[in-house]
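Undergrad:
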Amino acid sequence: MKTPLHDVHSGLGASFTDFAGWDMPVRYSSDLAEHRAVREAAGLFDLSHMGEIELSGPQAADALDYALSGKLSAVAVGRARYTMMCNERGGVVDDLVVYRLGEERYLVVANAGNAAEVSAELVRRAEGFDTTVDDRSAEVALIAVQGPTSAAIVGAVSDADLSALKYYASVPTTVGGREVLLARTGYTGEDGFELFVAADDAAAVWQVLTEAGEGHGIVPCGLACRDTLRLEAGMPLYGNELSADGSPFAANLGRVVKFDKEGDFVGRAALENQPAPETVLVGLTGGGRRAPRHGYRVLQGDDEVGEITSGALSPTLGHPIAMAYVPVRCSEPGTTLSADIRGRLEPVEVVALPFYQRR
Numbered sequence: 001m002k003t004p005l006h007d008v009h010s011g012l013g014a015s016f017t018d019f020a021g022w023d024m025p026v027r028y029s030s031d032l033a034e035h036r037a038v039r040e041a042a043g044l045f046d047l048s049h050m051g052e053i054e055l056s057g058p059q060a061a062d063a064l065d066y067a068l069s070g071k072l073s074a075v076a077v078g079r080a081r082y083t084m085m086c087n088e089r090g091g092v093v094d095d096l097v098v099y100r101l102g103e104e105r106y107l108v109v110a111n112a113g114n115a116a117e118v119s120a121e122l123v124r125r126a127e128g129f130d131t132t133v134d135d136r137s138a139e140v141a142l143i144a145v146q147g148p149t150s151a152a153i154v155g156a157v158s159d160a161d162l163s164a165l166k167y168y169a170s171v172p173t174t175v176g177g178r179e180v181l182l183a184r185t186g187y188t189g190e191d192g193f194e195l196f197v198a199a200d201d202a203a204a205v206w207q208v209l210t211e212a213g214e215g216h217g218i219v220p221c222g223l224a225c226r227d228t229l230r231l232e233a234g235m236p237l238y239g240n241e242l243s244a245d246g247s248p249f250a251a252n253l254g255r256v257v258k259f260d261k262e263g264d265f266v267g268r269a270a271l272e273n274q275p276a277p278e279t280v281l282v283g284l285t286g287g288g289r290r291a292p293r294h295g296y297r298v299l300q301g302d303d304e305v306g307e308i309t310s311g312a313l314s315p316t317l318g319h320p321i322a323m324a325y326v327p328v329r330c331s332e333p334g335t336t337l338s339a340d341i342r343g344r345l346e347p348v349e350v351v352a353l354p355f356y357q358r359r
């Protein structure tokens, strides 16, 4: 599948990769240059492969409270919340961002690889509620501007009051004469914005943002730097840190499971009765230039105790970083372990997440 911006990426000389069935730009120039642009200035991302599912009607809030782990009925209009869809076993179907657009209107944003399943599950779980589920993924494009200069760029082309737009909030506005839902969210650890636009308007909005960012160091960015950025920020990736067999509590995301909301929700019984996790997600740092990668073994002495879920040489910090699931007894910051990097054991130290926090 191709996003509405595919021809734009081709014209910019992007290299492409298959991601969840989508032909997506992995890089334009270099992973390092694009990563640094986001940390120091601004990066422009095409996220149109993500899923957008709208729920509307008098019981939209009740339907989402039942379908998801969070208490979406408590989200104020104009705000957003990070949450999860769990299965009956308490495993994670997908991690989501849900925007409340009105008293009876919500927008659920799902990961590309899970969008079809999330949409189908929302339809199934909304049965019996007075709400309509509308999968708008094909008609909506999503563009992100991330980095320290992102507010200056977006502010130059939008009449939205960005000083009043809080983190995890959204507001309808226009950019280049096109209607946009502007959200202050992101997946990079930097201040930034995501713009939901009609698919037919995506190329025009991309161009407006590109021109507005010329004096602010903006560069187009691909999936490769998006991955190192989110890893530095300690943000989980579905399929690596999260899975249908994994618990939110083991991933240190128990805060998104709201047992205090009224009524049942899918997975509630399993989550309430889950024993304390035996393994938990931790951050690891190493020395040198050899970074542990997804699937590499983690050892304590001669004993294999875990597996790397994500790892890279951090462009910002200059040393290897990784996340891994390890036994609780090995999870205390300062604990020394080792990673098997292609047959060579390299020392790693358990650290608190995230690895990087913006000033």
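Under UniProt numbering, think of the first position of the sequence shown as 1, with each following residue one higher. By construction, the Cβ of each residue, glycine as well, lies at the ideal position given by its N, Cα and C atoms. Predicted, not measured: the structure shown is a model, and the values here were computed from it.
(1) Following the continuous beta strand (DSSP E) through Ser15, name the residue where it begins and the one where it ends.
(2) Less than 8 Å between the CB atoms is what I'm expecting for Thr228 and Ile218, so what's the real figure, rounded?
(3) Can you give me the C-alpha to C-alpha distance between Val77 and Thr279, rounded to a whole angstrom?
(4) Just confirm the distance between the C-beta atoms of Ala339 and Gly286, as a whole number of angstroms; I'd bet it's less than 8 Å.
(5) Looking at Asp46: is its Cβ nearer than 8 Å to the Cβ of Leu5?
(6) Have a look at Leu284, Glu103 and Arg293 and flag the residue whose alpha-carbon is nearest the alpha-carbon of Asn240.
(7) Closest to Glu121 by CA distance: which of Val266, Ile321, Pro333 and Pro347 is it?
(8) Round the Cβ separation of Phe129 and Gly234 to the nearest angstrom and send it over; I've been treating them as touching at under 8 Å.
(9) Enumerate in chain order the residues of its own chain whose CB-to-CB distance from Gly134 is below 6 Å, with the five nearest sequence positions on each side excluded.
(10) Check whether the Cβ atoms of residue 424 and Lys258 lie closer than 8 Å to each other.
(11) Would you tell me roughly how many angstroms separate the C-alpha atoms of Glu190 and Pro236, rounded to the nearest one?
(12) Less than 8 Å between the beta carbons of Ala110 and Met50, yes or no?
(13) Compute the Euclidean distance between the alpha carbons of Thr173 and Arg124, then round it to the nearest angstrom.
(14) Taking Asp65 as the reference, which of Pro148, Asp159, Gly213 and Val108 has the closest Cα?
(15) At a cut-off of 7 Å, is Asn240 close to the ligand HEM when judged by its beta-carbon and the heavy atoms of the ligand?
(16) Under three-state DSSP, which class holds Leu313?
(17) How many Å lie between Leu96 and Met84 at the Cα?
(18) Per DSSP, Cys86 forms a beta bridge with which residues?
(19) So, are the CB atoms of Ser331 and Val256 less than 8 Å apart?
(20) Spell out the partners DSSP gives Pro347 in its beta bridges.
(21) Alpha carbon to alpha carbon, how far is Gly57 from Arg105? Give it in angstroms, no decimals.
(22) The beta strand (DSSP E) spanning Leu5 covers which residue range?
(23) Relative to the C-alpha of Val118, which residue among Asp200, Asn87, Ser158 and Glu232 is closest?
TA: So, from the data block:
(1) In the sequence shown, the residue the question calls residue 15 occupies position 15. Counting along the chain, the beta strand (DSSP E) containing Ser15 begins and ends at Ser15 to Phe19.
(2) The residue you call residue 228 lines up with position 228 of the sequence shown. The residue you call residue 218 lines up with position 218 of the sequence shown. Contact between Thr228 and Ile218 is ruled out by a C-beta separation of about 18 Å, above the 8 Å threshold.
(3) Translated into the one-based positions of the sequence shown, residue 77 becomes position 77. Translated into the one-based positions of the sequence shown, residue 279 becomes position 279. Distance between the alpha carbons of Val77 and Thr279: 37 Å.
(4) Residue 339 sits at position 339 when you count from the first residue of the sequence shown. Residue 286 sits at position 286 when you count from the first residue of the sequence shown. Right, their Cβ atoms sit about 7 Å apart.
(5) Translated into positions along the sequence shown, residue 46 becomes position 46. Translated into positions along the sequence shown, residue 5 becomes position 5. Less than 8 Å separates the beta-carbon of Asp46 from that of Leu5.
(6) Counting from 1 along the sequence shown, the entry for residue 240 is found at position 240. Of the candidates Leu284, Glu103 and Arg293, Arg293 places its Cα closest to the Cα of Asn240.
(7) For the purposes of this step, residue 121 is taken as residue 121 along the sequence shown, with counting starting at 1. Here the closest residue by C-alpha is Val266.
(8) Translated into the one-based positions of the sequence shown, residue 129 becomes position 129. Translated into the one-based positions of the sequence shown, residue 234 becomes position 234. Their Cβ separation, rounded to whole angstroms, is 35 Å, which puts Phe129 and Gly234 out of contact at 8 Å.
(9) Locating residue 134 in the sequence shown gives position 134, where the first residue counts as 1. Here residue 134 turns out to be Asp, not Gly, going by the sequence shown. Taken in chain order, the residues that qualify are Glu54.
(10) Outside the displayed range of the chain (1 to 359) lies residue 424, so it cannot be described from this structure.
(11) Your numbering for residue 190 matches position 190 in the sequence shown. Your numbering for residue 236 matches position 236 in the sequence shown. Straight-line spacing of the CA atoms in Glu190 and Pro236 works out to 16 Å.
(12) Along the sequence shown, one-based indexing puts residue 110 at 110. Along the sequence shown, one-based indexing puts residue 50 at 50. Yes, they are a contact pair.
(13) For the purposes of this step, residue 173 is identified with residue 173 of the sequence shown, where counting begins at 1. For the purposes of this step, residue 124 is identified with residue 124 of the sequence shown, where counting begins at 1. Those two C-alpha atoms are separated by around 33 Å.
(14) Counting from 1 along the sequence shown, the entry for residue 65 is found at position 65. Nearest of Pro148, Asp159, Gly213 and Val108 to Asp65, Cα basis: Val108.
(15) The model depicted lacks the ligand HEM and carries no ligand whatsoever.
(16) As a working mapping, residue 313 is identified with position 313 in the sequence shown. DSSP places Leu313 in strand when its eight states are reduced to three.
(17) Locating residue 96 in the sequence shown gives position 96, where the first residue counts as 1. Locating residue 84 in the sequence shown gives position 84, where the first residue counts as 1. If you take the alpha carbons of Leu96 and Met84, they lie about 6 Å apart.
(18) The sequence position of residue 86 within the sequence shown is 86, counting from 1. Beta-bridge pairing links Cys86 to Val92.
(19) Counted from its first residue, the sequence shown places residue 331 at position 331. Counted from its first residue, the sequence shown places residue 256 at position 256. In terms of Cβ geometry, Ser331 and Val256 do not form a close pair [threshold 8 Å].
(20) Counting from 1 along the sequence shown, the entry for residue 347 is found at position 347. Pro347 is bridged by DSSP to Ser338.
(21) Counting from one through the sequence shown, the residue named residue 105 turns up at place 105. Counting from one through the sequence shown, the residue named residue 57 turns up at place 57. The alpha-carbon separation between Arg105 and Gly57 amounts to approximately 7 Å.
(22) As a first step, residue 5 must be located in the sequence shown, where it is residue number 5. Unbroken run through Leu5: none, as it is neither H nor E.
(23) For this step, residue 118 is matched to residue 118 along the sequence shown. Comparing Cα-Cα distances from Val118 to each of Asp200, Asn87, Ser158 and Glu232, the minimum goes to Asn87.
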